[in-house]
Amino acid sequence: KAGVTQTPRYLIKTRGQQVTLSCSPISGHRSVSWYQQTPGQGLQFLFEYFSETQRNKGNFPGRFSGRQFSNSRSEMNVSTLELGDSALYLCASSSQGTAYGYTFGSGTRLTVV
Amino acid sequence: AQTVTQSQPEMSVQEAETVTLSCTYDTSESDYYLFWYKQPPSRQMILVIRQEAYKQQNATENRFSVNFQKAAKSFSLKISDSQLGDAAMYFCAYSKRSGGGADGLTFGKGTHLIIQP
Numbered sequence: 065k066a067g068v069t070q071t072p073r074y075l076i077k078t079r080g081q082q083v084t085l086s087c088s089p090i091s092g093h094r095s096v097s098w099y100q101q102t103p104g105q106g107l108q109f110l111f112e113y114f115s116e117t118q119r120n121k122g123n124f125p126g127r128f129s130g131r132q133f134s135n136s137r138s139e140m141n142v143s144t145l146e147l148g149d150s151a152l153y154l155c156a157s158s159s160q161g162t163a164y165g166y167t168f169g170s171g172t173r174l175t176v177v
Numbered sequence: 032a033q034t035v036t037q038s039q040p041e042m043s044v045q046e047a048e049t050v051t052l053s054c055t056y057d058t059s060e061s062d063y064y065l066f067w068y069k070q071p072p073s074r075q076m077i078l079v080i081r082q083e084a085y086k087q088q089n090a091t092e093n094r095f096s097v098n099f100q101k102a103a104k105s106f107s108l109k110i111s112d113s114q115l116g117d118a119a120m121y122f123c124a125y126s127k128r129s130g131g132g133a134d135g136l137t138f139g140k141g142t143h144l145i146i147q148p
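Sequence lines, in order, name chains A and B.
Heads up, the first sequence is in my numbering, so the first residue is 65 and it goes up one at a time.
Heads up, the second sequence is in my numbering, so the first residue is 32 and it goes up one at a time.
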């Protein structure tokens, strides 16, 4: 079956703009999580959605937000982009939450200039 | 807060040899999950192996096995018969157990594994 699909693969934005990233989970998976990966901070948890509800949120400013649709697809939005938001954003889906591990997508590489 | 530490930024091993990657973690929880993920240059994180903290038996997946020492809060990954395709960044990750929910993974900084032909 199809894996986790993230679009776009690459994105270049200007400081101050906003951006929306998309994630389509594996069919049947209801949990979608987002992570930010940077060389300096490593992998950091952003938030997790389950059945359209945000269940948990990492330590990120309010400029980072997300949502999940009824078909489990998820979007992540970053407003007022800063240079430090340049990162690889990874989406992961799971059918049972943490217990069985997550399946990750290939990520969206965001560059803020 | 939970922390995961991988003390080896980079490891190198000859093809067909065995290598062990180290991971320690800190948590006040008694029930949790531990994972090893692999990230090749393609960027996709791939689950290598998982361990449930309440299970004393070490998890094994083909050439990959773990040494889980709960009291020492240690979770090392052993790769036997290393292959060129094993070259990647390896991340150790922790998540506490919660009823049906997901609290996010806490990752270590990663170990870059190089396989020498």
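Think of the CB as a built atom: it goes at the ideal place given N, C-alpha and C, for glycine as much as any other residue.
Owing to the predicted nature of the structure, the values given are computational and were not obtained by experimental measurement.
Taking 8 Å as the CB threshold, G116 (chain B) stays off the interface with chain A.
Leaving aside the five residues that flank S115 (chain A) on each side, the residues in its chain whose CB is nearer than 6 Å to its CB run, in chain order, R94. Residue pairing by DSSP places H93 (chain A) in no beta bridge whatsoever. For I80 (chain B) and G148 (chain A), the gap between their C-alpha atoms comes out near 32 Å.
Against chain B, the beta carbon of G126 (chain A) has no neighbour under 9 Å; the closest one sits roughly 18 Å away.
Check the Cα spacing between V50 (chain B) and each of B:I145, B:G141, B:I110, B:Q33: the tightest is with B:I110. If you draw a straight line from the Cα of S91 (chain A) to the Cα of T58 (chain B), it comes to about 33 Å. Its chain contains W98, L110, F111, Y113, Q118, S138, E139, M140, N141 as the residues whose beta carbon lies nearer than 8 Å to that of G130 (chain A), once the 5 sequence neighbours on both sides are disregarded; these appear in chain order. Residue-level contact by beta carbon fails for G92 (chain A) and chain B, as no gap is shorter than 8 Å.
Ranking A:S150, A:S158, A:G165 by CA distance to the CA of Y74 (chain A) puts A:S150 first. When secondary structure is reduced to three states using DSSP, L115 (chain B) falls in the helix class. No Cβ of chain B is located within less than 8 Å of the beta carbon of G104 (chain A). Here the alpha carbons of Q87 (chain B) and L78 (chain B) stand approximately 20 Å from one another. Listed by position along chain B, the residues whose Cβ is nearer than 7 Å to that of L154 (chain A) are M76. Residue nearest to L136 (chain B) within the set A:A156, A:S86, A:V68 is A:A156 (criterion: CA-CA distance). Closer than 7 Å at the C-beta level to chain A, one finds no residue of the region 82-105 of chain B. Judged by DSSP in its simplified three-state form, D57 (chain B) adopts strand.
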